[in-house]
Each structure stands twice: as structure tokens, then as C-alpha cells.
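Take the sequence shown: its letters are residues 1 to 502, numbered as in UniProt numbering. These notes are about the structure you will find just below.
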Amino acid sequence: MKNLPCMFPCFYFDLFQDNGSAIQEVPREKVNFSEELLSSTSFARQLVDQMTLAKAYVILAKEQGNLQLAWELSSQIRNCQRLLSEGAVNGRAITKDEAHPIISRLARLIYKAQDSHYDISTTIVTLKNHALALEERAKAAIVQSAEFGQLAAESFPKNLHCLTVKLTEEWLRNPKHRSHSEENRNSTRLVDNNLYHFCIFSDNVLATSVVVNSTVSNANHPQQLVFHVVTDRIHFGAMSTWFLINDFKGCTVEVRCIDEFSWLNASSSPLVRQLSEAETQGYYYSAGSKNPERETKFHNPKFVSLLNHLRFYIPQILPNLEKVVFLDDDVVVQKDLTQLFSIELHGNVIGAVETCLESFHRYSKYLNFSHPTISSKIDPHTCGWAFGMNIFDLIAWRKANATSLYHYWQEQNSDLLLWRTGILPAGLLTFYGLVEPLDRRWHVLGLGYDVDIDDRLIESAAVVHYNGNMKPWLKLAIRRYKYIWERYVNISHPYVRECMLQ
1 MKNLPCMFPC FYFDLFQDNG SAIQEVPREK VNFSEELLSS TSFARQLVDQ MTLAKAYVIL
61 AKEQGNLQLA WELSSQIRNC QRLLSEGAVN GRAITKDEAH PIISRLARLI YKAQDSHYDI
121 STTIVTLKNH ALALEERAKA AIVQSAEFGQ LAAESFPKNL HCLTVKLTEE WLRNPKHRSH
181 SEENRNSTRL VDNNLYHFCI FSDNVLATSV VVNSTVSNAN HPQQLVFHVV TDRIHFGAMS
241 TWFLINDFKG CTVEVRCIDE FSWLNASSSP LVRQLSEAET QGYYYSAGSK NPERETKFHN
301 PKFVSLLNHL RFYIPQILPN LEKVVFLDDD VVVQKDLTQL FSIELHGNVI GAVETCLESF
361 HRYSKYLNFS HPTISSKIDP HTCGWAFGMN IFDLIAWRKA NATSLYHYWQ EQNSDLLLWR
421 TGILPAGLLT FYGLVEPLDR RWHVLGLGYD VDIDDRLIES AAVVHYNGNM KPWLKLAIRR
481 YKYIWERYVN ISHPYVRECM LQ
């Protein structure tokens, strides 16, 4: 057989000669098959390279109408895949005796394809067109996947809806729950600055329960903790009932309805006013977008829900408190958070973990610096930071009049030209120059989208945050992190057990 062209790595029968060969047969023992595939001297690597080349010639043979050659190549590719699969499953190296027949037959077929005048130029053009087609399909799949993922993230799972319904029914049929709820509202613990106060704004009963449960379970003195939960009218009964019928290690949990805040209206809040305008409603809530280049997530109503924006009104909601820790409902607490209250904020309003280890988490990522209102007041290289676990000095907040700053920026962005939407850009502007950086171990992000977070970082974290679409209560959750959240779910409660089985 004459020599083959060197445009691709081909393998000949003399590869298997014992004298002078660099490739040695690997003993049959447990091996790291990933390393085996990366090793240039392994038979597994030789098989993969030959198979890749053969796949290219299958495409060329089909385009030239040589279906017999395409079939023969495909048959050997399947044999190659079968052998590689067996090696991976059994954790062993592929031997010379196993690889020799397949590589020999593939070498003959590849030579036959080259002898059929599938030359370099034809190969390059054909493969380039094929690669471009695959790239377009991949892009379409990514867009479709993002849209489906967003729909799944926005939907309310049946089991959570089931739990809400059962708790609401109990709230309505048991007047004692309502009277106990009113009694709890008069507790002096709610305004005692010697205790440790936390606020959560959510319409998800189970998620809020996990936040509270994980916080008290990791606190040295859980009876000194007070939680201020605010929810909407629909979920108020369910949320109230849950925290009345369950004990959380002696802590205090207050549940309030957002409708109580009569001061939160169109005359006092630019956001409320903007949400009442038809044009803004169309942008946030319309299924069809006139601006397809905008990311799907920025049209998620969650990003403009009043519950989500209540974090900018904490001093009004809790007028008697001096310090409070804000927690999102998609976090899990793993350490005692009471130490946060002793951190010196140096006159700043908020303590937050910065996210600018990567350059793209600077202010320039979130804000439109081509707009003079932004570029004239803000440094684009300022480090970004994260919402989700924050300590607020409410005395400093009131002194800085930060809520008015929030209103100012919301007014400036009424045309959505400073930023598209979302909570973080508004926060970056409101608290610009008023942020005290915290050690990153206080708040580890990404469990809702990043599958490769270091286990050691997760273990060292005081709070882990499932920010992203893959929430731990959804089927699309990242399984690797789901157990962290699940261990704080009260699966022994009959309502939870019944609803989770649905």
C-alpha cells in the first residue's frame, strides 16, 4: 500500500510492530479513561483520531454519492465507538489486540476515500460548510434552550402550588391562626435592636422556609433571631400559616402583606408609577418583543415585581431598626450569620461581596455608559457586587437618604436607556460609593447556573446562592448542589410530604 497524504493523522500497520514502537500495550487495570483519551501514546487516542477523520470522509462520500464507502466507514465508526465505550465503562486501557483490527480497517477505508479524489481543497470546503451549518444549529439550540429554561424558571411547580393551596385552606378554616398572627405583630422582639434581624421578601413558602430553617440551624443562639417576611396578598395566608404551625428553634418570624404599605404608591414610588404605564407594562410583560436582541430574562416580570424591589424600602418597612441582614429566597445559610452584625461598615450603607474577580463584573457590564447621565457620574471600572446576602446599616441609609437616590435613578431610567431592567443595576447606582466589601466566603454565588464551582469554596461559604434559572426547587436544578437545599426542607410535615409525592 502506498503512503497516504499527511493532511490528517493516519495510522498504519507498522504502528503495531513491537520493535521501536513508542506505543506500548497497557496492562488491563483500572485507569483514568479521560487521561487515556488525552495521551498521545494510547490506543484510545489513536481510535478517536481515526474515528474523527472517518466521520469527515463519511460526509464527503455521501455528498459524492458513494453510499457503499459511507456505509463501510460508518460501520467501522460504530465498532470504534463500541470499543471506546467498553473501555470507559470498565475503566481499563484499550489493548493493541483490540485496537489493531479497527484501526487497520479504518486506515484502508480512509486511503480508499483519498484514492477517490476527495482531495484537500474539496475536504476543506465541505468540512467548512458542514462546520458552519453545525454552528448555526448550535446557536439556535442555545437560544431555544435559554427560552425554555426561562419559561421553566418562571413557572410555579405543582408541588409548591399544592403546598400553598393546603396552607391557605387551613388559614381560612382556622380563625386561631389569624388571631395568633395579629398577636405576634405586637411582639416587642420585632423592634428590639439587641436581637439579630433578617428580612426576606418572597411569594415562595417552601423557599422562605429553607432560608429561615438553614439560618436558625446554623446559629449559635437561634432564639435571638428575628425574621421579617413580606409576601403578596395571594400567599399571605399560606406563608403566615406555615410559620405559625412550625417551630424554628425559638426564633421569631413576622409575616406581613405588601398591601399594608399604603405609602408604596404611584405618587411616592417611580417604579409603581412606571408599572402602571401601558408602554412599560408592554415591555416587561409582553410575550412578543420588539427588541429580540434583549435577553429573555430581562422581560421576566419577577425582575420588576414590587416584592423584588422592596429591598430599597427597608428603612420604611422597619423604621425602628438599626441593622438588618437581607436574604434572598434562593439562598441557603451554612454558618452563623450573627457575626455579620459586628462587621464595621465604616459609615457605608451596605456590606456586600464584590464580584469583580473577572473584569466583566465591573459597572460597565450592567449600565449604559454611552449615556451622559451615567458616564458623567459613575466610574465604569468600579467593582460590581452581589445582592442576596447583605448587611444594611439603616442609620447610615437614612443619613444618606438612599431610597431617594433609588427614586432618582428610577426616574432617570423611565425610558429604559440607562439599563434595561433588573434589581442589580438599580442597586449599583443607589449604593454607589456606599458599599463595604465583605470577604467572598460570606456569599458564594452561581449555584443556579454554574456546574463547576469548587467544592471547597461551597463548603467554606456562609451563604450559598442559587442565582440563575436552575433553582433548587425546580426539576432543572443542578443535581450536584440540590442536596444542600433539600436538607433544610421539612419533609416530615404531612403537607410537604403529600405535595412532594405528586
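Ideal Cβ positions, reconstructed from N, Cα and C, are used throughout, including at glycine. Note that the structure is a prediction, hence the values are computed from the model and not measured.
Same chain, Cβ closer than 7 angstroms to residue i, neighbours up to 5 away in sequence not counted
| i | result |
| --- | --- |
| Gly427 | Phe387 |
| Tyr406 | Phe312, Ala426 and Thr430 |
| His235 | Thr164, Asp203 and Val205 |
| Leu244 | His177, His180 and Ser181 |
| Ser187 | Thr252 |
| Ile102 | Leu47, Gln76, Asn79, Cys80 and Leu83 |
| Glu344 | none |
| Ser376 | none |
| His361 | Thr355 and Gly384 |
| Lys399 | none |
| Arg441 | Ser460, Ala461 and Ala462 |
| Lys471 | Ala153, Asp330, Gly448 and Ala477 |
| Phe369 | Ser375 and Pro380 |
Contact under 9 angstroms by Cβ, residue i with residue j
| i | j | result |
| --- | --- | --- |
| Arg189 | Val230 | no |
| Gln412 | Thr373 | yes |
| Asp393 | Val349 | yes |
| Gly448 | Tyr432 | no |
| Val353 | Asp439 | yes |
| Val226 | Thr252 | yes |
| Leu445 | Thr355 | yes |
| Ile110 | Gln68 | no |
| Ile453 | Tyr483 | no |
| Leu337 | Ala219 | yes |
Residues that DSSP places opposite residue i in a beta bridge
| i | result |
| --- | --- |
| Ala266 | Per DSSP, none; premise fails for Ala266. |
| Leu225 | Tyr196 |
| Gln362 | Residue identity differs from the one stated: residue 362 is Arg in this sequence, not Gln. DSSP, once it has assigned bridges, lists Cys383 as partnering Arg362. |
| Met389 | Leu327 |
| Gly446 | Per DSSP, none; premise fails for Gly446. |
| Phe272 | Here residue 272 is Val; the residue named in the question, Phe, does not match the sequence. DSSP output for Val272 lists no bridge partner at all. |
| Val230 | Phe201 and Arg256 |
Cβ neighbours of residue i in the same chain (closer than 6 angstroms, five flanking residues each side left out)
| i | result |
| --- | --- |
| Asp259 | Arg233 |
| Arg105 | Gln76 |
| Phe16 | In this predicted model, Phe16 has a pLDDT of only 41, less than 50, meaning its place in the structure is not dependable; the value taken from the coordinates is given anyway. Within the same chain, Phe16 has close Cβ partners Lys96 and His100. |
| Cys499 | Asn159, Cys162 and Leu163 |
For residue i, three-class secondary structure by DSSP
| i | result |
| --- | --- |
| Pro437 | strand |
| Trp473 | coil |
| Phe303 | For Phe303, the predicted model reports a pLDDT of 47, less than 50, meaning its position is unreliable and no value from the coordinates is stated. |
| Trp485 | helix |
| Asn90 | helix |
| Thr95 | coil |
| Trp419 | coil |
| Val191 | helix |
| Ala278 | The predicted model places Ala278 with a pLDDT of 48, which falls under 50 and marks its position as unreliable, so this point remains unresolved. |
| Val353 | strand |
| Val451 | coil |
| Phe369 | coil |
| Phe201 | strand |
| Gly468 | coil |
| residue 513 | Residue 513 cannot be examined here, being either before or after the span of the chain that is shown, 1 to 502. |
| Ile23 | Note that Ile23 scores a pLDDT of 42, beneath 50, so its modelled location is shaky; the value from the coordinates is reported in the next line. In the structure shown, Ile23 sits in coil (DSSP, three-state: anything other than H, G, I, E or B). |
| Asn308 | helix |
| Tyr406 | helix |
| Ile110 | helix |
Residue range of the unbroken alpha helix (DSSP H) whose run includes residue i
| i | result |
| --- | --- |
| Val210 | Val205 to Ser217 |
| Asp328 | That residue, Asp328, is in no alpha helix (DSSP H); it is neither H nor E in DSSP. |
| Glu459 | Asp455 to Ser460 |
| residue 506 | Outside the displayed span of the chain (1 to 502) sits residue 506, for which this structure offers no information. |
| Gly250 | Per DSSP, Gly250 belongs to no alpha helix (DSSP H) and is neither H nor E. |
| Val496 | Pro494 to Met500 |
| Ile258 | It is not in any alpha helix (DSSP H) - Ile258 carries neither H nor E in the DSSP assignment. |
| Leu318 | Neither: Leu318 is in no alpha helix (DSSP H) and is coded neither H nor E. |
| Gln334 | Unbroken run through Gln334: none, as it is neither H nor E. |
| Lys399 | Leu394 to Ala400 |
Residue range of the unbroken beta strand (DSSP E) whose run includes residue i
| i | result |
| --- | --- |
| Lys62 | Looking at the DSSP string, Lys62 is not in any beta strand (DSSP E); the run it does join, the alpha helix (DSSP H), is Phe43 to Glu63. |
| His465 | Val463 to His465 |
| Ile245 | Here Ile245 belongs to no beta strand (DSSP E); instead the alpha helix (DSSP H) covers Arg233 to Ile245. |
| Ile343 | It is not in any beta strand (DSSP E) - Ile343 carries neither H nor E in the DSSP assignment. |
Own chain, CB closer than 8 angstroms to residue i, minus 5 neighbours either side, in chain order
| i | result |
| --- | --- |
| Ser276 | Ala266 |
| Ile423 | Phe303, Asn308, His309, Arg311 and Phe387 |
| Glu364 | It is Ser, not Glu, that sits at residue 364 in the sequence shown. Cβ within range, chain order: Pro380 and His381. |
is_contact[residue i, chain D] using C-beta, thresh 9 angstroms
| i | result |
| --- | --- |
| Asp259 | Absent from the structure: chain D. Only one protein chain is present. |
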